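Here's the structure we're looking at; comments come further down.
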Amino acid sequence: MHDVHIFNTMGRKIQLFTPLHEGNVGFYGCGPTVYNYAHIGNLRTYIFEDTLVRMLRRFGYRVTHVMNITDVGHLSGDDDTGEDKMLKSAREKGQSVLEIAQFYTNAFFKDTERLNIRQPDIVCKATDHIQDMIELIKRIEANGYSYFSGGNLYFDVSKFDHYGELAGLQLDQLKAGARVELDPNKRNPFDFVLWFTKSKFDKQALIWDSPWGIGYPGWHIECSAMSMKYLGEQFDIHAGGVDHIAVHHTNEIAQSEAATGHRWVNYWMHAEFLVLDKGKMSKSSGSFLTLESLIDKGYDPLDYRYFCLGGHYRSQLSFSWEGLDQARSARLSLLDRVLALKEKAVKPASISELGQKALRYLTAFDDALADDLAMPRALAQVWSLLKDNDVPAQDALALILNIDEVLGLDIAKAQRREVSVDTDTVQWINSQIQRRAAAKKARDFATADAIRSELVARGIQLEDRPEGTVWRLIE
Ligand code: AMP
Ligand code: ZN
């Protein structure tokens, strides 16, 4: 098995990865809150987690990947402030919480499938695990880490010695400079709710009976309860986006270790944000890009996957259309080179019989992966390989297909793009462009958008220029 080094947010350093049980990895990644579509920033984090799992499996580890679906308890502030995100969305859309949850869960998995993100081994919904959460909260309570105040059960962070270690928070200093606390029931501003019984809203749709009264769980407890249920009370890797370090993961650690009395997770890995023009992309602000919106513009989901692979997961990645265009042309030219190799080589070599030169690329690729998932370096090796005429075609082909296990770019499916249009089609496209212009003039934007979408579905991209609308075939 190849040695793997990863950056552990706990302690903030690169460490040799040693699983608890040799050859097996328990991995938990925080899943989506299903009140809206995932934006492409969220999807960057899931692409990172998928690449991590693919890398570990490539090196021979048996990974159990668990992901939760948050369908209750996540308030609009990560710190227990605001309204439940699910309830708010249900009210705004005039649907039930369960309908909203089902709709966006399906949309999420449709997106991940299109991005070649492999389905986790276990996907678990918060609302299916309320009893597990209650049992865990009982243990936290029995160990003396909680208090009941104003109708809610709180976690008392002052009782937990290592509170804030993950984020490097110094509780004493923070207390002095803390913002005015909105919840007067808290003893300490960093205390958080384990179980709510006092809802701020009249029609709380999802409520359960519990030893503390009828109510619903705080957000953080679901990840502690479900990860322990499926991976055991101690496991190897927990991941998520960097926004989760200070509150969500910090609180997950406090309550999990308060319940068990021992260490919970050995390695914490966090993906940096995708940013828009240096700004934040957030789901709650409503202004965000979905995968669907990229597809509508004529991009292949794998263009976005390639775009993400081009940045290290611990660096911010700045999204731009030019950047996505570059990723698309790089991906297409990679496929073209693979096709050329296919035409040259009778069949791929066997991976165990590669020549010296090809083997050197294989080693360099794997070394980059094993060095805290250095995907940009790994991709650079792919390009050097494809440009190296000294590597026999059958070796290069075998290698690139093997490497695609981790890249997930569907390289084996590469085909020549046969594109041609006859005069009837050209006439039809032009008539659609005219119809769309007329619809726009009449301010009937729904029809105009529908015409554009239909053209995209048929592989034709429109571009509005000052001199008029032009079209091109989507590659
Ligand atoms: P949520 O559905 O809001 O719980 O977020 C799902 C995942 O996406 C979490 O792991 C977040 O940390 C992550 N995330 C949120 N915003 C971004 C962003 N702009 N870039 C990358 N990851 C993000
Ligand atoms: Zn979580």
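Counting in the working numbering, the sequence shown runs from 279 upward without gaps. Every residue, glycine too, gets a C-beta built ideally from N, C-alpha and C. It should be emphasised that the depicted structure is a prediction, and the values quoted were computed from it without experimental measurement.
Looking at the structure shown, is L751 part of a helix, part of a strand, or coil, going by DSSP?
-> Walking along the sequence shown from the start, residue 751 turns up at place 473. In the three-state DSSP reduction, L751 falls in the strand class (E or B).
Helix, strand or coil: which one does DSSP assign to F381?
-> For this step, residue 381 is matched to residue 103 along the sequence shown. In the structure shown, F381 adopts helical secondary structure according to DSSP, grouped into three states.
Contact under 7 Å by Cβ, I711 with I738 | Counting from 1 along the sequence shown, the entry for residue 711 is found at position 433. Counting from 1 along the sequence shown, the entry for residue 738 is found at position 460. No. Outside cutoff.
W401 to D389 span [Cα, whole Å] | Reading the sequence shown from its first residue, position 123 is the one you call residue 401. Reading the sequence shown from its first residue, position 111 is the one you call residue 389. Note that residue 401 is Val in the sequence shown here, rather than Trp. When the Cα atoms are used, V401 and D389 turn out to be separated by approximately 15 Å.
Using the DSSP secondary-structure output, state which residues sit across from M547 in a beta bridge.
-> As a working note, residue 547 is residue 269 in the sequence shown. Note: M547 sits in a beta bridge opposite A517.
For the ligand AMP, any of its heavy atoms closer than 6 Å to the Cβ of F723?
-> Position 445 of the sequence shown, counting from 1, holds the residue named residue 723. Taken from the Cβ of F723, every heavy atom of the ligand AMP lies 6 Å or farther away.
N320 to T311, Cα distance in whole Å?
-> Here the question's residue 320 lines up with position 42 in the sequence shown. Here the question's residue 311 lines up with position 33 in the sequence shown. Cα-Cα distance, rounded: 10 Å.
According to DSSP, is Y423 helix, strand or coil?
-> For the purposes of this step, residue 423 is identified with residue 145 of the sequence shown, where counting begins at 1. If DSSP states are grouped into helix, strand and coil, Y423 belongs with coil.
May I ask you to check if the CB of G493 is nearer than 6 Å to at least one heavy atom of the ligand ADP?
-> The ligand ADP is absent from the structure shown, which contains only the ligand AMP and the ligand ZN.
Using DSSP bridges, identify the partner residues of S596.
-> As a working mapping, residue 596 is identified with position 318 in the sequence shown. In DSSP, S596 forms a bridge with V553.
Closer than 5 Å from C-beta to any heavy atom of the ligand ZN: which residues, in chain order?
-> Matched residues: C308, C501.
Identify the continuous alpha helix (DSSP H) that holds R714 and give its terminal residues.
-> Residue mapping note: residue 714 aligns to position 436 of the sequence shown, counting from 1. For R714, the uninterrupted alpha helix (DSSP H) run begins and ends at 701 to 719, by DSSP.
Could you please give the first and the last residue of the uninterrupted beta strand (DSSP E) stretch that includes L740?
-> Within the sequence shown, the letter at position 462 stands for residue 740. Per DSSP, L740 belongs to the beta strand (DSSP E) from 738 to 743.
Y306: first and last residue of the uninterrupted beta strand (DSSP E) it sits in = Here residue 306 refers to the residue found at position 28 when the sequence shown is read from its first residue. Its beta strand (DSSP E) spans residues 302 to 307.
Is it right to say D434 is buried, meaning 16 or more other beta carbons lie within 10 angstroms of its own, or is it exposed?
-> In the sequence shown, the residue the question calls residue 434 occupies position 156. Buried, by the Cβ-count rule.
Tell me whether R592 counts as near the ligand AMP, meaning its Cβ is closer than 6 Å to at least one heavy atom of that ligand.
-> The residue given as residue 592 occupies position 314 in the sequence shown. Not under cutoff, so the answer is no.
When the Cα of Q533 is compared with those of E377, I415, R332, which residue comes out closest?
-> As a working mapping, residue 533 is identified with position 255 in the sequence shown. The shortest C-alpha separation from Q533 is found at I415.
Buried or exposed: K620, going by 16 or more other Cβ atoms within 10 Å of its Cβ?
-> Working through the sequence shown from its first residue, we reach residue 620 at position 342. So K620 ends up on the buried side.
Smallest Cα separation from L237: which of I292, P744, R322?
-> There is simply no residue 237 to check, as the chain begins at 279 and stops at 753 in what is shown.
What's the gap between the Cα of G455 and the Cα of P467?
-> In the sequence shown, residue 455 corresponds to position 177, counting from 1. In the sequence shown, residue 467 corresponds to position 189, counting from 1. At G455, the pLDDT of 48 sits below 50, so the modelled position is not reliable and the matter cannot be decided from this model.
Kindly indicate the opening and closing residues of the beta strand (DSSP E) around T342.
-> Translated into the one-based positions of the sequence shown, residue 342 becomes position 64. T342: member of the beta strand (DSSP E) spanning 340 to 347, first to last residue.
Report yes if the CB atom of G360 is closer than 7 Å to the CB atom of W497, and no otherwise.
-> Your numbering for residue 360 matches position 82 in the sequence shown. Your numbering for residue 497 matches position 219 in the sequence shown. Not closer than 7 Å, so no.
Could you have a look at Q512 and say whether DSSP puts it in helix, strand or coil?
-> Within the sequence shown, residue 512 is the residue found at index 234, counting from 1. Looking at Q512 - three-state DSSP - the assignment turns out to be coil, as it is neither helix nor strand.
Quick one: is the Cβ of T323 within less than 6 Å of any heavy atom of the ligand AMP?
-> Position 45 of the sequence shown, counted from the start, is the residue given in the question as residue 323. Correct: T323 has its Cβ closer than 6 Å to the ligand AMP.
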